[in-house]
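Here is the structure we will look at.
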Amino acid sequence: MLNLNHKNVHNYFKLNGYHLNAKDLCRVGYSFIKEGDAYEQSIGEFFLDWFDEKEYIEMTTSGTTGLPKLVRLEKKAMIYSALATGDFFGLRPGNRALLCLPTQFIAGKMMLVRSLILGLELDVVSPSLHPLELNKTVYDFAAMVPLQVQNSIDKLGAVRKLIIGGAKLDSSLEERLLPLKTEIYETYGMTETITHIAAKRLGDSVFSVLPNVKIAQDDRECLVINVSTISDGPIITNDLVELRNDHQFVFLGRIDNVINSGGVKLIPEQIEAKLIGKINDRFFVTGLPDTTLGEKLVLVIEGEKQDFPAGFFDVLGKYEKPKEIIFVSKFKENENGKLLRKPTLQS
Numbered sequence: 097m098l099n100l101n102h103k104n105v106h107n108y109f110k111l112n113g114y115h116l117n118a119k120d121l122c123r124v125g126y127s128f129i130k131e132g133d134a135y136e137q138s139i140g141e142f143f144l145d146w147f148d149e150k151e152y153i154e155m156t157t158s159g160t161t162g163l164p165k166l167v168r169l170e171k172k173a174m175i176y177s178a179l180a181t182g183d184f185f186g187l188r189p190g191n192r193a194l195l196c197l198p199t200q201f202i203a204g205k206m207m208l209v210r211s212l213i214l215g216l217e218l219d220v221v222s223p224s225l226h227p228l229e230l231n232k233t234v235y236d237f238a239a240m241v242p243l244q245v246q247n248s249i250d251k252l253g254a255v256r257k258l259i260i261g262g263a264k265l266d267s268s269l270e271e272r273l274l275p276l277k278t279e280i281y282e283t284y285g286m287t288e289t290i291t292h293i294a295a296k297r298l299g300d301s302v303f304s305v306l307p308n309v310k311i312a313q314d315d316r317e318c319l320v321i322n323v324s325t326i327s328d329g330p331i332i333t334n335d336l337v338e339l340r341n342d343h344q345f346v347f348l349g350r351i352d353n354v355i356n357s358g359g360v361k362l363i364p365e366q367i368e369a370k371l372i373g374k375i376n377d378r379f380f381v382t383g384l385p386d387t388t389l390g391e392k393l394v395l396v397i398e399g400e401k402q403d404f405p406a407g408f409f410d411v412l413g414k415y416e417k418p419k420e421i422i423f424v425s426k427f428k429e430n431e432n433g434k435l436l437r438k439p440t441l442q443s
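The opening residue of the sequence shown carries number 97 in the working numbering; numbering runs sequentially from there.
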């Protein structure tokens, strides 16, 4: 029978090269909190939270799709999530893993949980934008955000299997990654689902769900997630999807971003995909109030003002062409480098 006691540490688990049990990790946690750098203090706090008597941990969501909020995650659910990831990606005891994400957020916390539960040999480095800069080790498994990946392309040969999350992977970066030998996956998930519940191999458009995950659509055509090991009820998202079957979907965009322009519904993410590679600076499209259309589609570009030649936007459909172009000196983003559209517009 599967033992879901969160105080059990896999015999193969290592932290920075050392075999450590629960008591050892609590001592390490105290040491990190007292003497460590900021990222180590966060790890120390997690160890003390994980090995205490409570059956849950509390954490704050990143706030990328709304206001940050306090959520309570059951430790058994986190263990089930770790097991599902291990099954999906073929992780084995003794595999070497790299933690280079901040452990204030769920993705970093789950790298610790996976290592404890699956018996991974985990190395921890500062969650910088250049996590492999000084690396001399080959890792079986690592997780990064797109900005870290972008700054590590020439060193990704040191990672056999890489998952990317925290922000959407744009197609220009994806093209640069495709020739690499590293197995690279884009993941889909959120704090409420205890990190990813689906992933797709680089170059594919279809996400496949992890074990024990069931998916459906609501009447808005948004994704509904059922994972009995994580949540008692369905998790309703604001993500528009196209269901391919009962375990695969294509992500279309967030319903919050949909622009209703003169009765025509436009999905910004689909328009942006057509412009990637044509505009060198970072950009996004959004809707602004308009007396005639209700909302007008605008293109927001990071950088200095520039002119575009006639026919530049011919790749777009009739209703997809921007009515206005706005230039912003610097986009607002969260700690993972994820673009914050509304705060950028407000600035």
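Using N, Cα and C, we set each Cβ at its ideal position, and we do this for glycine too.
Computed from a predicted structure; not experimentally measured.
Span of the beta strand (DSSP E) around residue i
i, result
"Thr333", "331 to 341"
"Asp219", "217 to 220"
"Leu395", "390 to 398"
"Cys318", "318 to 322"
"Val124", "Looking at the DSSP string, Val124 is not in any beta strand (DSSP E); the run it does join, the alpha helix (DSSP H), is 118 to 131."
"Ile260", "257 to 260"
"Thr283", "279 to 286"
"Glu368", "Taken as a continuous stretch (DSSP letters only), Glu368 belongs to no beta strand (DSSP E), being part of the alpha helix (DSSP H) at 364 to 371."
"Thr382", "379 to 386"
"Lys310", "310 to 313"
"Asn104", "Unbroken run through Asn104: none, as it is neither H nor E."
"Val424", "420 to 424"
"Asn430", "First-last for Asn430: undefined, no H or E at that position."
Cβ shell of residue i (< 6 Å), same chain only, five flanking positions each side left out
i, result
"Thr161", "Only weak support is given to the placement of Thr161: the predicted model assigns it a pLDDT of 49, under 50, and the value that follows is read from those uncertain coordinates. Correct list: empty, nothing qualifies."
"Leu111", "Leu218"
"Lys361", "Val354"
"Leu116", "none"
Residue range of the unbroken alpha helix (DSSP H) whose run includes residue i
i, result
"Arg210", "202 to 214"
"Ile139", "134 to 146"
"Gln244", "242 to 246"
"Glu154", "Not the alpha helix (DSSP H): Glu154 falls in the beta strand (DSSP E), residues 152 to 156."
"Gln344", "It is not in any alpha helix (DSSP H) - Gln344 instead sits in the beta strand (DSSP E) that spans 344 to 350."
"Arg297", "Here Arg297 belongs to no alpha helix (DSSP H); instead the beta strand (DSSP E) covers 291 to 297."
"Glu461", "Residue numbering for the chain in the displayed model covers 97 to 443; residue 461 lies beyond these limits and cannot be assessed."
"Gln402", "Here Gln402 belongs to no alpha helix (DSSP H), and DSSP marks it neither H nor E."
"Pro223", "It is not in any alpha helix (DSSP H) - Pro223 carries neither H nor E in the DSSP assignment."
"Leu276", "First-last for Leu276: undefined, no H or E at that position."
"Pro227", "Per DSSP, Pro227 belongs to no alpha helix (DSSP H) and is neither H nor E."
Residues of its chain near residue i, where Cβ-Cβ distance is below 8 Å and the 5 sequence neighbours each way are ignored
i, result
"His292", "Thr181, Ile259, Gly261, Thr283, Tyr284, Gly285, Leu306"
"Gly309", "The amino acid occupying residue 309 in the given sequence is Val; Gly does not appear at that position. Taken in chain order, the residues that qualify are Ala180, Ile293, Ala294, Ile321, Asn322, Val323, His343."
"Lys374", "Phe408, Val411"
"Tyr235", "Arg192, Ala193, Leu194, Asp219, Ala254, Val255, Arg256"
"Met97", "Interpretation of Met97 is limited by its pLDDT of 42, a score under 50 that renders its predicted location unreliable; no figure is taken from the coordinates."
Cutoff 7 Å; reference residue i; Cβ partners in own chain excluding five residues on either side
i, result
"Lys426", "Glu398"
"Ala118", "Lys103, Val105, Phe147"
"Asn356", "Gly390, Glu391"
"Cys79", "With the chain covering 97 to 443 only, the question about residue 79 has no answer from this structure."
"Pro439", "Lys428"
"Leu228", "Ser248, Lys251, Ala254"
"Arg297", "Tyr281"
"Ala312", "Val320"
Contact belief for residue i with residue j at Cβ below 8 Å, rounded distance in angstroms
i, j, result
"Ala193", "Leu230", "Incorrect: roughly 17 Å between the Cβ atoms, too far for contact."
"Ala178", "Met206", "7 Å"
"Leu276", "Leu252", "6 Å"
"Lys419", "Val396", "Actually they do not touch by this definition, with Cβ atoms about 12 Å apart."
"Phe379", "Phe347", "Between Phe347 and Phe379 the Cβ distance is about 19 Å, and since that is not below 8 Å, they are no contact."
"Leu90", "Ile202", "The requested residue 90 is not part of the displayed model; the chain covers only 97 to 443."
"Ser301", "Ala369", "Incorrect: roughly 10 Å between the Cβ atoms, too far for contact."
"Phe108", "Gly215", "First, the residue type needs correcting, since residue 108 is Tyr and not Phe in the sequence shown. Between Gly215 and Tyr108 the Cβ distance is about 3 Å, and since that is below 8 Å, they are a contact."
"Leu339", "Phe345", "5 Å"
Review point. Are at least three pairs of beta-carbons, each pair with one atom in the segment 184 to 198 and one in the segment 117 to 129, less than 8 Å apart?
Key: no
Practice item. Mind listing, in chain order, the continuous beta strand (DSSP E) runs of no fewer than 3 residues lying wholly within the segment 168 to 203? Key: 192 to 195
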